[in-house]
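In this note's numbering, the protein residues as written are 2 to 140. Yeah, the Cβ is synthetic: ideal placement off N, Cα and C, and Gly gets one too. A quick note: this is a predicted structure, and the numbers were derived from the prediction, not measured. Working notes for the structure below.
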């Protein structure tokens, strides 16, 4: 599966930024959503997923991390994050499970729409046996 398809969860033009997908996010991502909102969390995951960030101790300080946060999530969200988590390390999850969930739902949608089994399998580079199992399980 291409990175473009995987990133549909994080694409502002896709209708996937909904409560259903937010609930599929890991606890750390849900915590970030509470603090900075879904859009800013998505932007942070896109840029820093898999990394630990040391949140600066001051709003609008001279730290490089403050500048980076403002660049990624904007000044309002960066301020909210610093006010809530100042001087702490935060792990930004990759959200792989949420991406898998979105991918699996897309596969099922395509199959239900009548797209040929092998065409779907090839486009996502998955085995026949995996696709059979996926189509049998509830999503």
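Assuming contact is defined by CB atoms lying nearer than 9 Å, are residue i and residue j in contact in what I supplied?
{"i": "residue 100", "j": "residue 73", "result": "no"}
{"i": "residue 33", "j": "residue 82", "result": "yes"}
{"i": "residue 29", "j": "residue 56", "result": "no"}
{"i": "residue 91", "j": "residue 48", "result": "no"}
{"i": "residue 141", "j": "residue 50", "result": "The question about residue 141 has no answer, for the chain in this structure spans 2 to 140."}
Buried or exposed, going by whether 16 or more other CB atoms sit within 10 Å of the CB of residue i?
{"i": "residue 61", "result": "exposed"}
{"i": "residue 59", "result": "exposed"}
{"i": "residue 94", "result": "buried"}
{"i": "residue 114", "result": "exposed"}
Return the chain-ordered list of same chain residues with a C-beta closer than 7 Å to the C-beta of residue i, the five sequence neighbours on each side being excluded.
{"i": "residue 25", "result": "98, 99 and 102"}
Quick check on this structure: which residue in the options has the alpha carbon closest to the alpha carbon of residue i?
{"i": "residue 105", "options": "78, 125 and 41", "result": "125"}
{"i": "residue 78", "options": "109, 95 and 43", "result": "43"}
{"i": "residue 36", "options": "68, 84, 131 and 129", "result": "84"}
Considering only DSSP beta bridges, list what residue i is partnered with.
{"i": "residue 121", "result": "Looking at the DSSP assignment, residue 121 forms no beta bridge with any residue, so it has no partner."}
{"i": "residue 91", "result": "54"}
Excluding five sequence neighbours on each side, which residues of the same chain lie with their C-beta closer than 8 Å to the C-beta of residue i?
{"i": "residue 65", "result": "none"}
{"i": "residue 67", "result": "57, 59, 60, 61, 79 and 83"}
Take residue i and list the residues in its own chain whose beta-carbon comes closer than 6 Å to its own, dropping the five residues that flank it on each side.
{"i": "residue 111", "result": "121"}
{"i": "residue 70", "result": "79"}
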